[in-house]
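Have a look at the structure below before the remarks.
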Amino acid sequence: MTQQRRHTGDTPEIDHSTLDELIRELTEVQADMLDLEARGMAQATHIHSSYHQSARNLLHYLSLRRRDIRALQSRLAEIGLSSLGQSESHVLATVESLLNVLHQLAGQDRSARTPRAHALAFSEGRALLSQHTEALFGRGPGHRRVRIMVTIPSEAASDPQLIESLLASGMDCARINCAHDDPVVWERLIANLRSAERTLGKTCKVLMDLAGPKLRTGPIERGAKVVKWRPQRDSYGRVTAPARIWIYAEGDKLEPPSGADACLPVPRDWLATLGVGDRLNFVDARGARRFLWVVGAEERGRWAEAVRTAYITPGTELTIVSRAARTLSSGAIAQVGDLPPGERAYIVKLGDALILTRDLMPSPPENPPNRRERSLPVRIGCTLPEIFDDVRAGERIWIDDGKIGGVIEAVQADEIVVRVTHARIRGEKLRADKGINLPDSSLRLPALTAKDLADLPFVAAHADLVGYSFVRTAADVCELEDHLARLGGEQLGIVLKIETRRAFEQLPSLLLATMRTPRDGVMIARGDLAIECGYERMAEVQEQILWVCEAAHVPVIWATQVLEGLTKDGQPSRAEISDAAIAQRAECVMLNKGSHILQAVSTLDDILRRMDAHQSKKSSMLRPLELARRFSAESF
23 MTQQRRHTGD TPEIDHSTLD ELIRELTEVQ ADMLDLEARG MAQATHIHSS
73 YHQSARNLLH YLSLRRRDIR ALQSRLAEIG LSSLGQSESH VLATVESLLN
123 VLHQLAGQDR SARTPRAHAL AFSEGRALLS QHTEALFGRG PGHRRVRIMV
173 TIPSEAASDP QLIESLLASG MDCARINCAH DDPVVWERLI ANLRSAERTL
223 GKTCKVLMDL AGPKLRTGPI ERGAKVVKWR PQRDSYGRVT APARIWIYAE
273 GDKLEPPSGA DACLPVPRDW LATLGVGDRL NFVDARGARR FLWVVGAEER
323 GRWAEAVRTA YITPGTELTI VSRAARTLSS GAIAQVGDLP PGERAYIVKL
373 GDALILTRDL MPSPPENPPN RRERSLPVRI GCTLPEIFDD VRAGERIWID
423 DGKIGGVIEA VQADEIVVRV THARIRGEKL RADKGINLPD SSLRLPALTA
473 KDLADLPFVA AHADLVGYSF VRTAADVCEL EDHLARLGGE QLGIVLKIET
523 RRAFEQLPSL LLATMRTPRD GVMIARGDLA IECGYERMAE VQEQILWVCE
573 AAHVPVIWAT QVLEGLTKDG QPSRAEISDA AIAQRAECVM LNKGSHILQA
623 VSTLDDILRR MDAHQSKKSS MLRPLELARR FSAESF
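Note that the numbering used here has the sequence shown beginning at 23, numbered continuously upward.
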């Protein structure tokens, strides 16, 4: 409808027909909201008292977003009214407010036209989100709204100072990935965290992420037991950074520290004699004389550096040359222990056939150097044979974080035939134990695996929050809640990891299901989600998750590749900094482990603190801008 205005002097008046049309449309919107609320709340009898109003607001928002209201938004904005674009946390109150104003502009008594509906006040919606965030994560740090979560590296189990430094730098929640290590290591990590809390007088929640079902490529026959390292060199062959070698005690099951170019197991007693400044002489597998300098000592091992490339095999003799006398030390010689076999890989290219098998027997060695010698398709196992009953021809498949993509051509009893449709021109390496995504397939995999159920007693006893991987349906949520109740873990917060397309599509139902408990949250697992939904849709998908969760007053964790370059290499990209700033719209931001994690935590803390003054969720906060103060009308 073309908007008509009458002008009295300089003041435009809005045509009554325009006002009547806007009132009619918004009244319909309001009626639909109340209808969906009535029907939805009749079904949602399990909602915890702290989430009753949030559940209603979520239903109101879902009702609103079933419509295309873009034209309505434009007409409201044209007459200077709210366009509903920032109404997520109090959507019915916004509609109520608009109707009140429109009736006043039309000179009408609203009480005679439409019944007034109870709605959350504007401030109440924001307050509920704040309350639920504090219930999940505890009291905030004070100088910023958004919390920082950090994935704790395994080495922190034997390095209490690392956890204390993370806590001092700004970590508010520690994440432990149950796919790695074991309860012995987890208990050490948590004990070190609790000790750091007492030392610093700070609190930090513990999130334990259940591993969930892991759909991965099967094994490939391993190569020789050889470890290779080489330093970084510039274009002239000059060393710009030495190779870093982690020397540890044989039998140590912990993950090596991040940043190691190679790892060498040695006898524990011999390791204890190594000191910073010692030199290790050896002859490598090629007969080349090489040496290492010991540059760092930790409880679990030693750091050494090398400026020349070397190849090490089990049994290689390492000889200590003392720092003080530059002579051989007593008991100076030790042999390198057993080493893992080297990884091998297939090379697959566009158009290749690839066969996934039920059989997990290791595949033959890597492809012949001359691809023309290979007449048969690549064959590799699949760790979850249950999928063979669920996938169909024509469905897409992605492997190794989207590096290899294809379409299923045929499904047989023990084989899935895939045609590769996505790979770099020179080909991609297909390795063992790489993730498989099937975004189009309806997989009937259990959300809780046998390992998850075995881990839950420890999680219920030690964690504050539990991360739910591969959750897809409301029934999955109820299953976890029931298990936790039997274990006495009703107090745990539940974080739904949205990492599949099905979970994204079922998000409203998942949120209503998890509202049975007073503490819940959502993690946007952007890695898997980008593969499942498509990279081109990722920005849209994460926006929708933020909108729906704000409507439900459920805190969101922004995860995957946040400041990844800084964390791993010590140097962020420009895009990473922008991404971290956008993450301020969530309630928590997660960092993964890396060599420079302390720097990454400090940087993220600074970014989030600065952005707090400019942005609150979607709303721009208009503090005075220095560049505006500096502007002079006479300066141009």
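Note that the Cβ used here is the ideal one computed from N, Cα and C, for glycine as well.
Name the one or two DSSP bridge partners that residue i has.
{"i": "residue 250", "result": "333"}
{"i": "residue 325", "result": "268, 318"}
{"i": "residue 571", "result": "According to DSSP, which records beta bridges pairwise, residue 571 is partnered with nothing at all."}
{"i": "residue 339", "result": "357"}
{"i": "residue 284", "result": "267"}
{"i": "residue 515", "result": "487"}
{"i": "residue 7", "result": "In the structure as shown, the chain starts at 23 and stops at 658, and residue 7 therefore has no counterpart that could be examined."}
{"i": "residue 313", "result": "303"}
{"i": "residue 258", "result": "Note: residue 258 sits in no beta bridge, so no partner."}
{"i": "residue 370", "result": "450"}
{"i": "residue 196", "result": "172, 228"}
{"i": "residue 581", "result": "547"}
{"i": "residue 520", "result": "546"}
Give the single residue among the options whose Cα lies nearest to the Cα of residue i.
{"i": "residue 437", "options": "462, 288, 408", "result": "408"}
{"i": "residue 151", "options": "100, 72, 131", "result": "72"}
{"i": "residue 45", "options": "313, 203, 119, 502", "result": "119"}
{"i": "residue 225", "options": "231, 234, 232, 214", "result": "214"}
{"i": "residue 63", "options": "52, 512, 51, 76", "result": "76"}
{"i": "residue 514", "options": "529, 530, 540, 173", "result": "540"}
{"i": "residue 197", "options": "173, 126, 314, 203", "result": "173"}
{"i": "residue 404", "options": "632, 602, 459", "result": "459"}
{"i": "residue 370", "options": "427, 613, 518, 571", "result": "427"}
{"i": "residue 385", "options": "442, 422, 239", "result": "239"}
{"i": "residue 600", "options": "493, 383, 632, 398", "result": "632"}
{"i": "residue 227", "options": "84, 262, 489", "result": "489"}
{"i": "residue 194", "options": "503, 167, 204", "result": "167"}
{"i": "residue 325", "options": "529, 339, 270", "result": "270"}
{"i": "residue 485", "options": "246, 232, 497, 355", "result": "232"}
{"i": "residue 81", "options": "91, 66, 92", "result": "66"}
{"i": "residue 211", "options": "182, 200, 192, 202", "result": "182"}
{"i": "residue 366", "options": "356, 452, 49, 619", "result": "452"}
{"i": "residue 333", "options": "401, 550, 253, 402", "result": "253"}
{"i": "residue 424", "options": "305, 472, 555", "result": "555"}
At what residues does the beta strand (DSSP E) containing residue i begin and finish?
{"i": "residue 169", "result": "169–173"}
{"i": "residue 496", "result": "Unbroken run through residue 496 is the alpha helix (DSSP H), 496–508; no beta strand (DSSP E)."}
{"i": "residue 544", "result": "542–547"}
{"i": "residue 633", "result": "It is not in any beta strand (DSSP E) - residue 633 instead sits in the alpha helix (DSSP H) that spans 619–634."}
{"i": "residue 613", "result": "610–613"}
{"i": "residue 379", "result": "375–379"}
So, at 6 Å on beta carbons, what are the nonlocal neighbours of residue i in its own chain, with the 5 sequence-adjacent residues on each side left out?
{"i": "residue 617", "result": "280, 281"}
{"i": "residue 284", "result": "249, 251, 267"}
{"i": "residue 155", "result": "577, 609"}
{"i": "residue 218", "result": "185, 186, 189"}
{"i": "residue 52", "result": "117"}
Starting from residue i and walking both ways along the alpha helix (DSSP H), at which residues does that stretch end?
{"i": "residue 597", "result": "596–604"}
{"i": "residue 83", "result": "74–86"}
{"i": "residue 302", "result": "Where residue 302 is concerned, there is no enclosing alpha helix (DSSP H), although the beta strand (DSSP E) it sits in stretches over 301–305."}
{"i": "residue 147", "result": "144–159"}
{"i": "residue 467", "result": "First-last for residue 467: undefined, no H or E at that position."}
{"i": "residue 116", "result": "113–127"}
{"i": "residue 529", "result": "529–536"}
{"i": "residue 98", "result": "92–100"}
{"i": "residue 460", "result": "No alpha helix (DSSP H) contains residue 460, which DSSP labels as neither H nor E."}
{"i": "residue 275", "result": "Counting along the chain, residue 275 falls outside any alpha helix (DSSP H), and DSSP gives it neither H nor E."}
{"i": "residue 296", "result": "Neither: residue 296 is in no alpha helix (DSSP H) and is coded neither H nor E."}
{"i": "residue 190", "result": "182–191"}
{"i": "residue 588", "result": "586–591"}
Leaving out the 5 sequence neighbours to the left and right, which residues in its chain are closer than 8 Å to residue i when beta-carbon positions are compared?
{"i": "residue 394", "result": "With a pLDDT of 49 at residue 394, under the threshold of 50, the predicted position of this residue should be treated as unreliable, though the coordinate-derived value follows. Excluding positions up to five away in sequence, the list is empty."}
{"i": "residue 659", "result": "The displayed coordinates of the chain run from 23 to 658. Any statement about residue 659 would go beyond what the structure contains."}
{"i": "residue 61", "result": "none"}
{"i": "residue 501", "result": "469, 470"}
{"i": "residue 247", "result": "335, 336, 360, 361, 362, 363, 364"}
For residue i, which residues in the same chain have their Cβ closer than 7 Å to its Cβ, ignoring the five residues on either side in sequence?
{"i": "residue 105", "result": "95, 98, 99"}
{"i": "residue 445", "result": "370, 371, 372, 426"}
{"i": "residue 127", "result": "36, 41"}
{"i": "residue 465", "result": "409, 412"}
{"i": "residue 315", "result": "301, 326, 327"}
Using a Cβ-Cβ distance under 7 Å, would residue i count as near chain C?
{"i": "residue 319", "result": "The structure shown contains no chain C, having only a single protein chain."}
Beta strand (DSSP E) segments (min. 3 residues) lying fully within the region 386–455: Runs of the beta strand (DSSP E) inside the region 386–455: 400–403, 418–421, 426–433, 437–444, 450–452.
Contiguous alpha helix (DSSP H) assignments of at least 4 residues, all confined to the region 203–244: Those alpha helix (DSSP H) runs which fall completely within the region 203–244 and span 4+ residues are 205–222.
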